[in-house]
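Number of protein chains: 4
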Amino acid sequence: MSDIEQLATSGAWLTPDDLSSARERLPIVYVDAVPVRVDDAGRVVAIGLLLRAMADDTISRAVVTGRVLYGETIRAALVRHLNKDLGPLAQPQLPPNPSPFTIVEYFPDPTVTGFVDPRQHAVSLAYIVPVLGECYPAPESLDFSWVTPAEAASKEVSSEMTGGQDRLVRMALAHVGCLP
Amino acid sequence: MSDIEQLATSGAWLTPDDLSSARERLPIVYVDAVPVRVDDAGRVVAIGLLLRAMADDTISRAVVTGRVLYGETIRAALVRHLNKDLGPLAQPQLPPNPSPFTIVEYFPDPTVTGFVDPRQHAVSLAYIVPVLGECYPAPESLDFSWVTPAEAASKEVSSEMTGGQDRLVRMALAHVGCLP
Amino acid sequence: MSDIEQLATSGAWLTPDDLSSARERLPIVYVDAVPVRVDDAGRVVAIGLLLRAMADDTISRAVVTGRVLYGETIRAALVRHLNKDLGPLAQPQLPPNPSPFTIVEYFPDPTVTGFVDPRQHAVSLAYIVPVLGECYPAPESLDFSWVTPAEAASKEVSSEMTGGQDRLVRMALAHVGCLP
Amino acid sequence: MSDIEQLATSGAWLTPDDLSSARERLPIVYVDAVPVRVDDAGRVVAIGLLLRAMADDTISRAVVTGRVLYGETIRAALVRHLNKDLGPLAQPQLPPNPSPFTIVEYFPDPTVTGFVDPRQHAVSLAYIVPVLGECYPAPESLDFSWVTPAEAASKEVSSEMTGGQDRLVRMALAHVGCLP
Numbered sequence: 034m035s036d037i038e039q040l041a042t043s044g045a046w047l048t049p050d051d052l053s054s055a056r057e058r059l060p061i062v063y064v065d066a067v068p069v070r071v072d073d074a075g076r077v078v079a080i081g082l083l084l085r086a087m088a089d090d091t092i093s094r095a096v097v098t099g100r101v102l103y104g105e106t107i108r109a110a111l112v113r114h115l116n117k118d119l120g121p122l123a124q125p126q127l128p129p130n131p132s133p134f135t136i137v138e139y140f141p142d143p144t145v146t147g148f149v150d151p152r153q154h155a156v157s158l159a160y161i162v163p164v165l166g167e168c169y170p171a172p173e174s175l176d177f178s179w180v181t182p183a184e185a186a187s188k189e190v191s192s193e194m195t196g197g198q199d200r201l202v203r204m205a206l207a208h209v210g211c212l213p
Numbered sequence: 034m035s036d037i038e039q040l041a042t043s044g045a046w047l048t049p050d051d052l053s054s055a056r057e058r059l060p061i062v063y064v065d066a067v068p069v070r071v072d073d074a075g076r077v078v079a080i081g082l083l084l085r086a087m088a089d090d091t092i093s094r095a096v097v098t099g100r101v102l103y104g105e106t107i108r109a110a111l112v113r114h115l116n117k118d119l120g121p122l123a124q125p126q127l128p129p130n131p132s133p134f135t136i137v138e139y140f141p142d143p144t145v146t147g148f149v150d151p152r153q154h155a156v157s158l159a160y161i162v163p164v165l166g167e168c169y170p171a172p173e174s175l176d177f178s179w180v181t182p183a184e185a186a187s188k189e190v191s192s193e194m195t196g197g198q199d200r201l202v203r204m205a206l207a208h209v210g211c212l213p
Numbered sequence: 034m035s036d037i038e039q040l041a042t043s044g045a046w047l048t049p050d051d052l053s054s055a056r057e058r059l060p061i062v063y064v065d066a067v068p069v070r071v072d073d074a075g076r077v078v079a080i081g082l083l084l085r086a087m088a089d090d091t092i093s094r095a096v097v098t099g100r101v102l103y104g105e106t107i108r109a110a111l112v113r114h115l116n117k118d119l120g121p122l123a124q125p126q127l128p129p130n131p132s133p134f135t136i137v138e139y140f141p142d143p144t145v146t147g148f149v150d151p152r153q154h155a156v157s158l159a160y161i162v163p164v165l166g167e168c169y170p171a172p173e174s175l176d177f178s179w180v181t182p183a184e185a186a187s188k189e190v191s192s193e194m195t196g197g198q199d200r201l202v203r204m205a206l207a208h209v210g211c212l213p
Numbered sequence: 034m035s036d037i038e039q040l041a042t043s044g045a046w047l048t049p050d051d052l053s054s055a056r057e058r059l060p061i062v063y064v065d066a067v068p069v070r071v072d073d074a075g076r077v078v079a080i081g082l083l084l085r086a087m088a089d090d091t092i093s094r095a096v097v098t099g100r101v102l103y104g105e106t107i108r109a110a111l112v113r114h115l116n117k118d119l120g121p122l123a124q125p126q127l128p129p130n131p132s133p134f135t136i137v138e139y140f141p142d143p144t145v146t147g148f149v150d151p152r153q154h155a156v157s158l159a160y161i162v163p164v165l166g167e168c169y170p171a172p173e174s175l176d177f178s179w180v181t182p183a184e185a186a187s188k189e190v191s192s193e194m195t196g197g198q199d200r201l202v203r204m205a206l207a208h209v210g211c212l213p
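One line per chain: the protein sequences are E, P, S and D, in this order.
Numbers 34 to 213, taken from our numbering, label the letters of the first sequence in order.
Numbers 34 to 213, taken from our numbering, label the letters of the second sequence in order.
Numbers 34 to 213, taken from our numbering, label the letters of the third sequence in order.
Numbers 34 to 213, taken from our numbering, label the letters of the fourth sequence in order.
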């Protein structure tokens, strides 16, 4: 078991009670990763969306997301969450630069930024991550599917996302030049 | 007193003990702001450096930096720390895009990223902020001075910075095309 | 008359025939600048749109755009076009970093990228430029108006733009975190 | 032969005389690509440098660079030059976003930006490109080698680069968080 896996599963850092208490008093560091398929020239041809139970009690489509643990680097957190959500054969290609394409600020209050997390104030670093291999989502996800950029920006798919994830996907599409 | 000022000074969020405890178990969200003077075409002509007592017990040059509070947006935290460190007449021009030019990961252990904070694991969003007005640094700073990009990248000035702040300044200079 | 103004108006570089000939054989360097109003925390509150006769023979809304001349820096070209299109009192705040938020590739053929210029293959570096002063657009523009981010992304305003400028505006809105 | 290869080799666009003439009157669009090796978490572990005869008549180390042809997209130009300079097995992973990490403005006059091309005024879009496969540089290159980030930023390697390429490499290192 690698250090990072141990770190992720040991639970030594925060008990559920402690985490719950911290969430009421500190912004929590998150990462969001938008999985994409690219062609030989790096152009995005598809966006990967999970279907999962969300913190807001809906079943919704979502990108890969998760907390950064104490002592864990951003890259290690990205690798861990991508591995957990897309399976060990996904071969995610993390960008060489550490700068996220945007910052998403989630608040329990939906009027602050429009990005909502009912549990906490989270500051999420958002990345676009090309995935070369096959994706086998974790059992806790109900589904994983690739959609075209046009589908990802459509009203139909947007309506299946909550908490502002549809806006995050459109921001990702804009960043890669694929927003219709 | 504005909401943000109240939020910053009330201490209602975390007692010193609570903060100390949280710092041992969660990465803490920070912002770093590199103050710059620009010419009429937006070209950086000077970098602003504070002289202050640091968390590592040195007196060193440093950029503007500080914690993001619970419930506070990144922009509000930047405005608050810039106001506190450069005075109320500085007129900082925050970038319209929320994406930082880099992410700095500070760890107590200097071997992880080379960026060091002896108190905590901090994830800092770093911005370059043009300043139009006059700077009157807070009493807790010993000095504030503008240096040229070449001076900021020099060995002499670098040797007056600790915890990796000299590297952060060089990364900022590179981002604005002024690294010698 | 400044060097740049002289450079812009002298016409010594290319006769209309020469320019026309070059346009058939080389990609031409352009800049696009999206003028924005920001609040005290740098958040975009309005987008500036010109109303003008376009290369495609329509009267359309558009952002500031123009060619980079031989011997002219990108910053000088931006200052020149912003000055010409928004007037001498606009006080545009060019970003300190030279990296554009996106690259727009205009082709006569609308199927290549969806960005169209019937005259030429242009590679345009696109920037978001906060404007502090008053805008008095040049006589060749029919109008200039500020619209909210929501209006800028609306179908109504989008339908008044051609050549892909509506997509460019949405990409700019996404970059500053204001795409609805 | 693909369309792009045909476009690259046909020579139908500009005769040498025409290109020479255009270079005296228009900025020419270029791309610069810094080849990098990354680890499983996307962290840059090596920089690839060619050894080649340069436009300034030196034999110097350099990154991949070349002109964008009329009708060619930026991505197609990057693929073509990477293929030509690193060989057909390099498997370059172009970034999904079209925004370059910086813009390099080359002028015959070394005092304008410090980036020099004795032949022309070139505006170059600079990208960092992870390379997964083996590199077999074209016969016109004398050598290709991988160096560590620390070596790439060293005085020794810098002194083997001309025209500002050493600065471009340091800017790339800063962007990926690897500038010493």
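Where is the CB? At the ideal position from N, CA and C, for every residue including glycine.
For residue i, does the three-state DSSP call read helix, strand or coil?
{"i": "Ile107(P)", "result": "helix"}
{"i": "Ala207(D)", "result": "helix"}
{"i": "Arg200(S)", "result": "helix"}
{"i": "Pro182(S)", "result": "helix"}
{"i": "Ala84(E)", "result": "According to the sequence provided, residue 84(E) is Leu. The question's Ala does not apply to it. Strand, per DSSP."}
{"i": "Leu158(E)", "result": "strand"}
{"i": "Asp90(P)", "result": "coil"}
{"i": "Arg113(D)", "result": "helix"}
{"i": "Asp176(P)", "result": "strand"}
{"i": "Ala41(P)", "result": "Low confidence applies here, because Ala41(P) scores a pLDDT of 42, under 50, leaving its location unreliable; read the following figure in that light. Three-state DSSP puts Ala41(P) in a helix."}
{"i": "Thr195(D)", "result": "coil"}
Please compile the residues from chain D whose C-beta is within a distance smaller than 9 Å of the C-beta of residue i.
{"i": "Arg203(E)", "result": "The contacting residues do not exist; Arg203(E) stays about 14 Å from chain D at best."}
{"i": "Gly197(S)", "result": "Within 9 Å Cβ-Cβ: nothing; Gly197(S) doesn't reach chain D, min ~13 Å."}
Please determine, among the options, the residue with the shortest C-alpha to C-alpha distance to residue i.
{"i": "Arg58(E)", "options": "Thr48(P), Leu84(P), Val77(P), Cys168(P)", "result": "Thr48(P)"}
{"i": "Pro213(P)", "options": "Ser192(P), Ala159(P), Ala186(P)", "result": "Ala186(P)"}
{"i": "Phe140(E)", "options": "Ala110(P), Tyr103(P), Gln198(P), Pro60(P)", "result": "Tyr103(P)"}
{"i": "Ser157(S)", "options": "Ile80(D), Asp73(D), Pro60(D), Thr98(D)", "result": "Pro60(D)"}
{"i": "Val164(S)", "options": "Trp179(S), Thr98(S), Glu193(S)", "result": "Trp179(S)"}
{"i": "Lys117(S)", "options": "Val62(S), Ala183(S), Ala66(S)", "result": "Ala66(S)"}
{"i": "Asp90(P)", "options": "Cys211(P), Ala205(P), Gly196(P), Ala207(P)", "result": "Gly196(P)"}
{"i": "Met87(D)", "options": "Pro151(D), Leu52(D), Ser53(D)", "result": "Pro151(D)"}
{"i": "Val145(D)", "options": "Val69(S), Glu105(S), Asp51(S), Val62(S)", "result": "Glu105(S)"}
Could you name the residues of chain S that residue i contacts, counting a contact when the two beta carbons are closer than 8 Å?
{"i": "Ile11(D)", "result": "Beyond the ends of chain D as shown, which are 34 and 213, falls residue 11(D); an answer cannot be given."}
{"i": "Gly166(P)", "result": "The premise fails here: Gly166(P) is roughly 13 Å from chain S at the closest Cβ pair, so nothing lies under 8 Å."}
Is the beta carbon of residue i less than 8 Å from the beta carbon of residue j?
{"i": "Val101(S)", "j": "Ile107(S)", "result": "yes"}
{"i": "Tyr169(P)", "j": "Leu115(P)", "result": "no"}
{"i": "Val209(P)", "j": "Ile161(P)", "result": "yes"}
{"i": "Gly120(E)", "j": "Pro128(D)", "result": "no"}
{"i": "Glu173(D)", "j": "Arg85(D)", "result": "yes"}
{"i": "Val33(P)", "j": "Val190(P)", "result": "Here chain P has residues from 34 to 213 only, and residue 33(P) is not among them."}
{"i": "Val78(E)", "j": "Asp72(E)", "result": "yes"}
{"i": "Ala159(D)", "j": "Phe134(D)", "result": "yes"}
{"i": "Glu167(S)", "j": "Arg94(S)", "result": "no"}
{"i": "Ser54(P)", "j": "Ser132(E)", "result": "no"}
So which residues on chain E does residue i lean against when the C-beta distance must stay under 7 Å?
{"i": "Gly208(D)", "result": "Note that residue 208(D) is His in the sequence shown, not Gly. Going along chain E in sequence order, the residues near His208(D) (Cβ under 7 Å) are Asn130."}
{"i": "Val71(D)", "result": "Pro129"}
Assuming residue i is part of the beta strand (DSSP E), what are its boundary residues?
{"i": "Glu138(D)", "result": "135 to 139"}
{"i": "Ala66(P)", "result": "61 to 71"}
{"i": "Arg100(S)", "result": "97 to 100"}
Mind pulling the chain P residues with CB within less than 7 Å of residue i?
{"i": "Arg113(S)", "result": "None at all; the shortest Cβ gap to chain P is about 10 Å."}
Give the residues of chain S in contact with residue i, contact being defined as C-beta atoms less than 7 Å apart.
{"i": "Gly99(P)", "result": "Residues of chain S passing the Cβ test: none, with the nearest at roughly 15 Å."}
Just curious, the alpha helix (DSSP H) that residue i is in, first and last residue?
{"i": "Asp142(S)", "result": "Premise fails: Asp142(S) is in no alpha helix (DSSP H) and is neither H nor E."}
{"i": "Pro49(D)", "result": "49 to 56"}
{"i": "Val190(P)", "result": "188 to 191"}
Could you work out which residues of chain D lie near residue i, taking near to mean beta carbons separated by less than 8 Å?
{"i": "Arg200(P)", "result": "Leu212, Pro213"}
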